[in-house]
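Each remark here refers to the structure printed beneath this line.
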Amino acid sequence: MRAVVIEQPGTVSVQDVPDPIPGPGDLVVAVRGAGICGTDIHLLDGELPYDRYPIVPGHEFYGEVVDVAGDIDRARIGRLVTVDPNMPCGACAECRRGRANLCERYEALGVTTDGAAAELVRVPAGLAYDLPADVSDVGAVLTEPLACAIHGFDGLPRRPQDRYLVYGAGTMGLMMGLLAADMTSEPVTVIEPNPSRRALAESFGMRAVSSPEEVDPDERWESVIDCTGVVEAIEDGLGRVRRGGVFQCFGVTETDAMVKLRPFDIYRNEITVIGSMAVHNSFDRAHRLAQVWGDEKLAPLVTHGYALDDYAEAIRTFRDGAGLKIAIRPGGLA
Ligand SMILES: [Zn+2]
Ligand SMILES: [Zn+2]
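In our numbering, the protein residues as written are 733 to 1066.
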């Protein structure tokens, strides 16, 4: 099969490699769509704490089951599935206290073992979720990032009249905004410098402004969500949380980034600062919600499709910040 292979940090090519052979309990999936995200770029640049090169990237994907092994029902062959890439060990202290997304021996398809930027990918059958026959392609491509957004939302209070402020209207910011809009009667505000992303946020009924200066300095929000990972945005956002409210670090900063915050304000205003790491008990809900939202809400979020052989160009487009979700189409462009 053809596969994207990162030989070592900085060296990526599309190669002919042996087809994956399913072990007991595995499926082989012919990939139809695989989204690119920041994690792929970190893997490519050698910025993750793993040393498992060569590796095939790609952890946000769906496709058709083409082979099974062991006692897996052969009736699954031919079905479309979306796949939770996360493989917590189940045995470490974090897994045992119910925090599997914080697993000490974290493994994930496309991160620590071969993923979906390939014609075929081997996956443990239990991680594959059947999709409906009238599948929403974009819903299936976006299931994994939506599962991350839902886990983020699980950490936030949900009250019908809460107000939400989101920094950044990229794929994740817009998903957080869409979830927030489902939760509250109040308009969701997003701060986003890119005009086309702002226009998209507005098309979803959000109030979009280009910079914090455009927001009333006295306005406060119950939930402020940073989806940028940008220090200035985080520092600004911390000051806009209403008394008793929550600030969430959802976007990924540089690992050594530092921000200024006034502990007095955290104390005096009872501000809660929370994080959100990947997917946690949220893939199943994302799998269903992505199909309910379907093309109507999600189609604008997948802006580019590339053939597998054009992976390098897809990465360039990602690095340029053009569009939103970029999908690799190993089964061919529709
Ligand atoms: Zn991702
Ligand atoms: Zn574990």
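Built from N, CA and C at the ideal position, the CB exists for glycine as well.
Quick caveat, the model's predicted, so the values are computed rather than measured.
{"Item": "Closer than 7 Å: R1017 CB and nearest ligand 2 heavy atom", "Value": "no"}
{"Item": "Any non-hydrogen atom of ligand 2 closer than 7 Å to E826 Cβ", "Value": "yes"}
{"Item": "C-beta contact flag for G1067 and R1061 at 8 Å", "Value": "Only positions 733 to 1066 of the chain appear in this structure, which leaves residue 1067 out of reach."}
{"Item": "For F979, three-class secondary structure by DSSP", "Value": "strand"}
{"Item": "Whole beta strand (DSSP E) elements within the stretch 875 to 914, 3-residue minimum", "Value": "896 to 899"}
{"Item": "Straight-line Cα distance separating L1030 from A865", "Value": "18 Å"}
{"Item": "Spatially closest choice to Y794 from G847, P786 and E826, by CA coordinates", "Value": "G847"}
{"Item": "Alpha carbon of D886 to alpha carbon of D751, nearest angstrom", "Value": "38 Å"}
{"Item": "Reference Q747; option with closest CA among L759, V898 and A850", "Value": "A850"}
{"Item": "C959: CB within 7 Å of a non-hydrogen atom of ligand 1", "Value": "no"}
{"Item": "Identity of the residues DSSP links to V956 by a beta bridge", "Value": "L897 and F979"}
{"Item": "As assigned by DSSP and simplified to three states, the class of E924", "Value": "coil"}
{"Item": "Run of the beta strand (DSSP E) containing I738, from where it starts to where it stops", "Value": "R734 to Q740"}
{"Item": "Cross-strand partners of L852 (DSSP beta bridge)", "Value": "A762"}
{"Item": "T771: CB within 7 Å of a non-hydrogen atom of ligand 1", "Value": "yes"}
{"Item": "At least 3 beta-carbon pairs within less than 8 Å: the stretch 755 to 763 vs the stretch 785 to 800", "Value": "yes"}
{"Item": "Alpha-carbon to alpha-carbon, R891 and L910", "Value": "15 Å"}
{"Item": "E796, enclosing beta strand (DSSP E) - first and last residue", "Value": "E792 to V800"}
{"Item": "Cβ shell of V984 (< 6 Å), same chain only, five flanking positions each side left out", "Value": "G961"}
{"Item": "Validate contact between the stretch 1003 to 1013 and the stretch 869 to 880 using beta carbons, cut 8 Å, 3 pairs", "Value": "yes"}
{"Item": "Cβ contact check for the stretch 949 to 965 and the stretch 1045 to 1060: 3 or more pairs under 8 Å", "Value": "no"}
{"Item": "Any non-hydrogen atom of ligand 2 closer than 7 Å to P820 Cβ", "Value": "yes"}
{"Item": "Neighbour-count burial assignment, Y838, 16 or more Cβ in a 10 Å radius", "Value": "buried"}
{"Item": "First and last residue of the uninterrupted alpha helix (DSSP H) at T1049", "Value": "Y1043 to D1052"}
{"Item": "Three-way DSSP call (helix, strand, coil) for T771 in this model", "Value": "helix"}
{"Item": "W953 vs L888 beta-carbon contact at 8 Å", "Value": "no"}
{"Item": "Which residues DSSP lists as bridging L841, in chain order", "Value": "T845"}
{"Item": "Residue burial classification, S928 (beta-carbon count within 10 angstroms, cutoff 16)", "Value": "exposed"}
{"Item": "N- and C-terminal bounds of the alpha helix (DSSP H) containing A832", "Value": "No alpha helix (DSSP H) holds A832; DSSP gives it neither H nor E."}
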